[in-house]
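Right, one structure below, let's go through it.
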């Protein structure tokens, strides 16, 4: 019977119920979208890194695994690595971050890249014809609506799109390695070196062997499985704290919305609360009704929020597929649900207490 | 204490604090109501009728004096015990019906059962009462789809569904036209005569008061 009263109470004020549900839904979407983008961006980067077809990645000293380093390694090191036992090929690339850190341009030697892993698959156009040519992947092409022959600006330098490549291999934007080295003032330097090993069983042996070389002592040397494992939110403290901040904000939003909604509900229903008390309802019974209403609001809002998240993913993947990638992270559904319910119940606490403590006689005379 | 009396009130006083002033709402009320009696209480506004009802219904505590309902001493009751009293011993009928607008007539009755911890559902005896009240086929409607008379009869059904020892009716016909007033008063008298329901009814209307076995007059917080 209590459940029927709860449902009918929510149906009785459809606009307020709808607004509360949408607010909780937005709260859930904020969390799931942010988490989805974080996971999506990391997974996308990992996918493209794995797409290089390398076995080992080498980065200069003090460069984090997931950070973009400036080009500080002499490109002569590429040949040095090629001469080491069990290493069959080495590829040096330069990475330069644009668009406020969202997108990276990779400088590479197309011939070396082709030798390393077969090269890019061209959807339209073809390889670099000159130093001012740029290759863009299909997502960048879709987002920026460029085509072969279009001019894009990289750090104010006009670059001609010479080809559109299939996504998934290292770079979203690729330019000749010398061009990028010139642009960032790192002539003869590379940011990272990718290594191929003759046999997968030898990867760890090669890493140990490289780390034993005194000159490479401070270099970052990781296997690709290690790289994949490191592509995690946990390894990006700034992102982790950003997620916490958004989660806290969403709890506050949920709390405030439900607080206002339930507070006005309690005021509106003062007389009804008086009637329930006259019928013998205890404070716990009144609280039970309000908390169940809140729980139902939060649960519906949670489901709506999950639906919204599919909407934000569609928007992101349609409008800015090159800049952002969003995944649906099922693991976070229950977490977002718990956060939504916790915020809502917190918001219902004071109004519930006010209702439970209401004087029955005063409530019955409330107009 | 004799079990013949459903209600026994002795020297009942109630003082309200309004701002910094004490207002005496009841100034020594004495009252005895026998089991199965139908008593009408009349008196001008401010005479203390409603305060007396609120105390008898366990909605507020007396300042002094003694109040026994069905052998239970209200003065010794805790808040929780007075809540329990309202669940099972006392049924209220209000002037403004006070049905929950979101529930149907049946839902309004069932919620009283739910609050009392009784599994909602109407047995044959209660269905007979619903027919007596003339609302058997109106219970699936929400209050807004019912006339005032129908709403008040649903409120009466709600008040007696848990078989309370006393039914307290506060101006039950105050918002009704003559026809509906007569119907409601007739129902109250039937409940009293057929089921032996003890009823206390506040009213301003002398014709309504005449439905009771006895009329008690109140003025200035006292029974006169």
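Residue numbers (this note's numbering), protein chains in the order written: chain A, 8 to 374; chain B, 38 to 261. Note that CB positions come from ideal geometry on N, CA and C, so glycine has one too. As the structure is a prediction and not an experimental result, all values here were calculated from the model.
Using 10 angstroms around the beta-carbon of residue i, count the other beta-carbons present and answer buried if the total reaches 16, otherwise exposed.
i                      : result
residue 27 of chain A  : buried
residue 95 of chain B  : buried
residue 10 of chain A  : exposed
residue 95 of chain A  : exposed
residue 128 of chain B : buried
residue 22 of chain A  : exposed
residue 39 of chain B  : The pLDDT assigned to residue 39 of chain B is 45, lower than 50, so where the model puts this residue is not dependable; a value taken from the coordinates is nonetheless given after this. Flag for residue 39 of chain B reads exposed.
residue 16 of chain A  : buried
residue 218 of chain B : buried
residue 208 of chain A : exposed
residue 51 of chain B  : buried
residue 309 of chain A : buried
residue 190 of chain B : buried
residue 357 of chain A : exposed
residue 224 of chain A : exposed
residue 67 of chain B  : exposed
residue 370 of chain A : buried
residue 325 of chain A : exposed
Relative to the C-alpha of residue i, which candidate in the options has its C-alpha closest?
i                      : options                       : result
residue 342 of chain A : A:306, A:201 and A:129        : A:306
residue 19 of chain A  : B:138, B:198 and B:242        : B:138
residue 361 of chain A : A:286, A:330, A:281 and A:303 : A:281
residue 180 of chain A : A:193, A:201, A:203 and A:144 : A:144
residue 165 of chain B : B:61, B:224 and B:213         : B:224
residue 91 of chain B  : B:239, B:48 and B:136         : B:239
residue 251 of chain B : B:71, B:89 and B:149          : B:71
residue 137 of chain A : A:117, A:121, A:126 and A:13  : A:117
residue 102 of chain B : B:55, B:45 and B:119          : B:45
residue 149 of chain B : B:232, B:121, B:168 and B:186 : B:121
residue 178 of chain A : A:204, A:364 and A:330        : A:330
residue 234 of chain B : B:168, B:140, B:179 and B:198 : B:198
residue 315 of chain A : A:25, A:29, A:166 and A:194   : A:29
residue 170 of chain A : A:352, A:139, A:122 and A:366 : A:139
residue 236 of chain A : A:24, A:56 and A:34           : A:56
residue 373 of chain A : A:128, A:13 and A:275         : A:275
residue 194 of chain A : A:366, A:336 and A:79         : A:79
residue 114 of chain B : B:93, B:179 and B:192         : B:93
residue 186 of chain A : A:302, A:86, A:135 and A:51   : A:135
residue 216 of chain B : B:187, B:231 and B:67         : B:187
residue 348 of chain A : A:321, A:112 and A:264        : A:264
Report the CB separation of residue i from residue j in whole angstroms; it is logged as a contact under 8 angstroms.
i                      : j                      : result
residue 210 of chain A : residue 239 of chain A : About 21 angstroms; that fails the 8 angstroms criterion.
residue 294 of chain A : residue 269 of chain A : At roughly 11 angstroms, the Cβ-Cβ gap does not stay under 8 angstroms, so residue 294 of chain A and residue 269 of chain A are not in contact.
residue 203 of chain B : residue 58 of chain B  : The pair is not a contact, with the Cβ atoms about 32 angstroms apart (cut-off 8 angstroms).
residue 146 of chain B : residue 195 of chain B : 5 angstroms
residue 222 of chain B : residue 210 of chain B : 6 angstroms
residue 227 of chain A : residue 59 of chain A  : Their Cβ separation, rounded to whole angstroms, is 16 angstroms, which puts residue 227 of chain A and residue 59 of chain A out of contact at 8 angstroms.
residue 155 of chain A : residue 132 of chain A : 4 angstroms
residue 105 of chain A : residue 45 of chain A  : So it is not a contact: roughly 20 angstroms between Cβ atoms.
residue 258 of chain A : residue 125 of chain A : The Cβ separation is near 49 angstroms, so there is no contact.
residue 152 of chain B : residue 287 of chain A : 5 angstroms
residue 81 of chain A  : residue 196 of chain A : 6 angstroms
residue 130 of chain A : residue 158 of chain A : Contact flag wrong, Cβ pair sits at about 19 angstroms.
residue 62 of chain A  : residue 202 of chain A : 6 angstroms
Mind checking who residue i pairs with in its DSSP beta bridge?
i                      : result
residue 201 of chain A : A:64 and A:98
residue 129 of chain A : A:172
residue 160 of chain A : A:165
residue 238 of chain B : B:77 and B:206
residue 252 of chain B : B:77
residue 141 of chain A : A:168
residue 123 of chain B : Paired residues: none, contrary to the question.
residue 113 of chain A : A:102 and A:181
residue 55 of chain A  : Answer is none; residue 55 of chain A lacks a bridge partner.
residue 246 of chain A : None; residue 246 of chain A has no bridge partner.
residue 154 of chain B : BP columns for residue 154 of chain B are empty, so no partner.
residue 196 of chain A : A:81
residue 53 of chain B  : B:60
residue 339 of chain A : In DSSP, residue 339 of chain A forms no bridge with anything.
residue 44 of chain B  : B:70 and B:106
residue 259 of chain B : B:256
Notebook entry, point to check: Which parts of the segment 287 to 324 of chain A are runs of the alpha helix (DSSP H), unbroken and 4 residues or longer, counting only runs that do not cross its ends?
Noted result: For the segment 287 to 324 of chain A, not a single whole alpha helix (DSSP H) run of length 4 or above is found.
Check: What are the start and end residues of each continuous alpha helix (DSSP H) run of 4 or more residues lying completely inside the segment 165 to 205 of chain B, in chain order?
Finding: Annotation note: the segment 165 to 205 of chain B contains the following uninterrupted alpha helix (DSSP H) runs of length 4 or greater, listed N- to C-terminal: 185 to 197.
Next item on the list: Kindly provide the ranges of any beta strand (DSSP E) runs that are 3 or more residues long and lie completely inside the segment 74 to 119 of chain B, ordered along the chain.
Entry: Counting only runs of 3 or more, we get 75 to 79 and 101 to 106.
Next item on the list: Could I get the ranges of all uninterrupted beta strand (DSSP E) runs contained in the segment 234 to 286 of chain A, with 3 residues as the minimum, in chain order?
Entry: Taking only runs of at least 3 residues, no beta strand (DSSP E) segment lies wholly in the segment 234 to 286 of chain A.
Notebook entry, point to check: Which runs of the beta strand (DSSP E) spanning at least 3 residues fall entirely within the segment 212 to 236 of chain A, listed in chain order?
Noted result: Runs found: 227 to 230.
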